[in-house]
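Structure first, commentary second.
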Amino acid sequence: MRSDSISDFDALARNLLGMREGSARSPQFMPIDLYRVDDHFVLHADLPGMDPGSIDVNVERGVLTLTAHRTPPPENDVQWLASERFAGVYRRQVSLGDEIDTERIEASYDNGVLNLIIPLHERAKPRRIQVTHGRNSEQHLVTSTTVASDVATGGGE
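Taken in order, the sequence shown gives residues 7 to 163; the numbers are from my numbering.
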């Protein structure tokens with residue numbers, strides 16, 4: 007009996023990866039780069055060969071979910087020599103917290119890469135609080151203290 011080493015290797019690889027011959031497969035992850043620049047996050051996700059219409063970006067409770075679908079090639083009267091490209095649903099979730107402004111997220115798909123600009127909400131941005139000094143701030147403190155004291159003792163009527 008003659009052995010075909012390439013077919014044997016392919017069968018071994020399919021068994022190790024849990025694939026059946028002729029079945030659609032899905033990878034366990036979608037490679038991404040995620041970083042923060044000033045007041046926004048930037049995300050790049052590799053999704054080569056996807057139909058842009060199959061890509062879905064969703065944010066719920068601070069969790070960004072990316073979903074895309076690649077349709078398997080037709081299998082009618084095909085004799086496969088190699089089948090290494092994953093087909094099926096790709097999905098990735100990233101927790102960004104509640105500080106993102108979901109209304110202003112921008113998404114584009116170019117050369118097989120999904121690009122997202124995810125701005126921070128105004129309330130999440132660092133802000134400087136000005137400290138006043140001088141007579142105006144002292145007068146405000148005296149007035150506030152006097153009113154609070156009168157209210158506590160029942161006076162000031």
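Glycine included, each C-beta is placed from N, C-alpha and C at the ideal position.
Taking buried to mean at least 16 other C-beta atoms within 10 Å of its own C-beta, is residue i buried or exposed?
| i | result |
| --- | --- |
| A74 | buried |
| Y96 | buried |
| A88 | exposed |
Residue i to residue j, Cα distance in whole Å?
| i | j | result |
| --- | --- | --- |
| E112 | R76 | 22 Å |
| P132 | D107 | 15 Å |
| P79 | P54 | 15 Å |
| E2 | E90 | Outside the shown range of the chain (7 to 163) lies residue 2, about which nothing can therefore be said. |
| F92 | R110 | 32 Å |
| Y115 | E81 | 28 Å |
| A30 | P58 | With a pLDDT of only 48 at A30, under the threshold of 50, the placement of this residue in the model should not be trusted; the figure read from the coordinates follows. Answer to the nearest angstrom: the Cα atoms are 20 Å apart. |
| V137 | H50 | 41 Å |
| P33 | W86 | At P33, the pLDDT of 49 sits below 50, so the modelled position is not reliable; the number obtained from the coordinates is stated separately. Near 20 Å, if we compare the C-alpha coordinates of W86 and P33. |
| V84 | L40 | 40 Å |
| I38 | G140 | 53 Å |
| G94 | R42 | 30 Å |
Helix, strand or coil for residue i? Go by DSSP, reduced to three states.
| i | result |
| --- | --- |
| T138 | coil |
| R129 | helix |
| E109 | helix |
| L122 | strand |
| S114 | strand |
| S89 | coil |
| T73 | strand |
| G103 | coil |
| V84 | coil |
Is residue i near the ligand NAP, in the sense that its beta carbon is under 7 Å from a heavy atom of that ligand?
| i | result |
| --- | --- |
| V43 | Annotation note on the ligand NAP: not contained in the displayed structure, which lists no ligands. |
Quiz item: Can you find at least 3 beta carbon pairs, one from the segment 123-130 and one from the segment 37-52, that sit closer than 8 Å?
Solution: Contact holds: three or more Cβ-Cβ distances are below 8 Å.
Exercise. Run through the segment 28-68 for me and flag every whole beta strand (DSSP E) of 3 or more residues, listed as ranges in chain order.
Key: You should have 38-43, 46-52 and 62-66.
Quiz item: Do the segment 54-70 and the segment 99-108 make contact, defined as three or more Cβ pairs closer than 8 Å?
Solution: Three or more beta-carbon pairs separated by less than 8 Å link the segment 54-70 to the segment 99-108, which places the two stretches in contact.
Quiz item: Using 8 Å as the Cβ pair cut-off and three pairs as the minimum, do the segment 52-64 and the segment 107-121 touch?
Solution: Touching, yes.
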